[in-house]
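To start, the structure itself, in structure tokens.
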Amino acid sequence: MKIKIVNGVDNLGKRLIAIEKVAKNEVICKLKGKLLDKPTWQTLQVGPNKHLKNRIIDYLNHSCNPNSFVDTEKLVLVANRTIKQLDDITINYLLTECELASPFKCMCGSRKCFKEIKGYKFLNSNKRLNIPYLLKLKSKLQ
Ligand SMILES: [Zn+2]
């Protein structure tokens, strides 16, 4: 495993970091777990009424400019760019979640920040086009 769950600074809670460099397109880990039919704040949507729960997902934080994404067909976490040692592993929740169980305001600081993280069904068509994996996921999640 190239990842580890560590304690966060201040009150940010636990998070997932890379313990060694991860190459672009490299599979970071498999995501096995229990499938639920409703989302919770700890699940990841992998299909219509399919929400995966596992320990890694609990600590996988959101970023609007993430370094990883979830391949919802193979159920693996993949690096979308080179990840340096000790970097946080992040995904864009809008790429998987149709509607988040716990929406929040994002403060990731990215120039492309989506601000309101509620789920991709709330995004306007302009923003939807900016999401690279959306087209692939769209048919599965509607
Ligand atoms: Zn953001």
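Numbering that gives the first Met the number 0 puts the sequence shown at residues 0 to 141.
All C-beta atoms in this analysis are idealised placements derived from N, C-alpha and C, irrespective of residue type, glycine included.
Values in this document were obtained by computation on a predicted structure and should not be read as measured data.
Taking a contact as a CB-CB distance under 8 Å, the pair Leu30 and Leu99 does not count as one, their CB atoms being some 18 Å apart. When distances are taken from the beta-carbon of Phe113 to the heavy atoms of ligand 1, the shortest one is below 7 Å. The C-beta distance from Ser109 to Thr89 rounds to 10 Å, too long to meet the 8 Å contact threshold.
By the C-beta density criterion, Leu94 is buried, having at least 16 other C-beta atoms within 10 angstroms. Sixteen is the threshold: when 16 or more other Cβ atoms of the shown chains lie within 10 Å of the Cβ of Gly118, as they do, the residue is buried.
With 16 or more other CB atoms across the displayed protein chains lying within 10 angstroms of its CB, Glu96 is buried. If only uninterrupted beta strand (DSSP E) runs of at least 3 residues are considered, those enclosed by the stretch 18-85 are 26-29, 33-35, 42-46, 49-52, 67-70, 75-78. Burial check for Phe68: the Cβ neighbour count within 10 Å reaches 16 or more, so the residue is buried. Going by beta carbons, Leu34 and Lys13 fall outside the 8 Å limit. With respect to the C-alpha of Asn53, the residue from Glu72, Gly32, Asn64 having the closest C-alpha is Gly32. Non-local C-beta neighbours of Thr39 in its own chain, meaning closer than 6 Å and more than five positions away in sequence, comprise Ala100, ordered along the chain.
Assigned with DSSP and collapsed to three states, Phe113 falls in coil, not helix or strand.
In chain order, Ala17, Ile18, Glu19, Lys20 place their CB closer than 8 Å to the CB of Gln84, counting only its own chain and leaving out the 5 sequence neighbours on each side.
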